[in-house]
């Protein structure tokens with residue numbers, strides 16, 4: 007890693023510490039910019055990643071998408087180009103050297119704006135690629151990220167300058183090794199664009215049963231093409247994608263509400279509580295009741311330690 011990149015990451019680390027102060031994910035006054043801090047190795051966290059850029063300045067993280075693992079560190083950045091249910095785990099962090107990272111969310115329309123204003127060309131007929139990738143970080147990208155983060159020190163500049171710096175950041179990513187993967191989500195008629203419509207439909211209706219023909223019609227594809235392209239983008243089938251969403255939402259409901267597993271199973275779309283319990287155990291490693299008791303115990307312990 008070059009001295010320039012090392013110095014840039016040190017500056018970002020100081021900004022993240024200044025505006026976070028404690029462990030967790032922290033929204034900032036800049037829309038769609040978040041700071042993340044963890045002083046310990048974490049348990050696996052299950053969530054849906056929105057289209058976003060993630061840059062680590064201290065520590066190491068591993069993100070799992072279906073059976074694929076993406077490991078990244080301060081030498082890299084990670085991009086999710088579509089909404090994806092993933093498992094994330096901080097695997098290197100300590101109280102002396104906490105995990106520090108930024109996340110910047112974006113939309114296809116923002117990508118399209120950059121493509122329209124630049125000479126970057128993305129062909130609509132390019133084959134669909136995995137909707138997540140890791141690339142090597144470059145000084146030009148970190149420079150734009152620092153200028154965006156520094157706006158927090160002069161908030162009156164945020165409305166005017168933040169959109170410009172964000173556009174520059176996306177431009178740098180689109181110029182990178184995997185930029186065409188990101189560009190595909192904004193090109194109407196591309197297979198990734200069509201699959202993103204299907205992903206949105208499943209996200210909006212995860213608790214409802216669907217026919218694969220219905221999804222193929224949304225994508226304007228044959229059933230066989232839908233299966234192939236969906237798996238290329240998400241690393242899973244539409245049914246597996248839906249199952250991940252259902253189980254993640256079930257876990258969230260069980261943690262946040264005083265309700266039983268059978269009720270939650272029906273709410274997220276399962277007809278059989280026993281099937282729900284089996285699939286929940288397979289995904290999270292414990293049956294619902296035991297898992298929630300374990301998680302609440304860890305949460306209480308953390309509160310007592312920090313009190």
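Residue numbers (the numbering used here): 7 to 313.
Ideal Cβ positions, reconstructed from N, Cα and C, are used throughout, including at glycine.
When the Cα atoms are used, residue 261 and residue 287 turn out to be separated by approximately 15 Å.
In the structure shown, residue 38 falls within a coil segment according to DSSP collapsed to helix, strand and coil. Within the DSSP bridge table, the entry for residue 237 names no partner. The criterion of a C-beta distance shorter than 7 Å is not satisfied by residue 107 and residue 241. Residue 152 carries a helical assignment under DSSP once its states are collapsed to helix, strand and coil. Take the alpha-carbon of residue 177 and the one of residue 301: they are about 41 Å apart.
For the set 27, 140, 50 and 156, the Cα lying nearest the Cα of residue 39 is the one of 156. Sorting 16, 296, 90 and 46 by C-alpha distance to the C-alpha of residue 237 places 90 at the top. Here residue 7 carries a coil assignment [DSSP, helix/strand/coil]. In this structure, the straight-line span from the alpha carbon of residue 105 to that of residue 209 is close to 30 Å. Every unbroken stretch of the beta strand (DSSP E) spanning 3 or more residues and falling wholly within the region 133-208 is given here in chain order: 138-142.
For the region 211-298, there is no continuous beta strand (DSSP E) assignment of 3+ residues that stays within its boundaries.
By the criterion of a C-beta distance shorter than 6 Å, residue 235 is surrounded in its chain by 134, 197 and 201, once the five residues flanking it on both sides are discounted.
Residues 50, 52 and 70 of the same chain have their beta carbon placed closer than 6 Å to that of residue 93, with the five preceding and five following residues left out of the count. Distance from the CA of residue 65 to the CA of residue 47, rounded to the nearest whole angstrom, comes to 9 Å. Counting other Cβ atoms within 10 Å of its Cβ, residue 44 reaches 16 or more and is therefore classed as buried. Distance check between residue 19 and each of 62, 265, 120 and 123 places 62 closest, using alpha-carbon atoms only.
For residue 189 against residue 128, the beta-carbon gap comes to about 3 Å, under 8 Å, which counts as contact. Going by DSSP, residue 64 is part of no alpha helix (DSSP H) but of the beta strand (DSSP E) stretching over 58-64.
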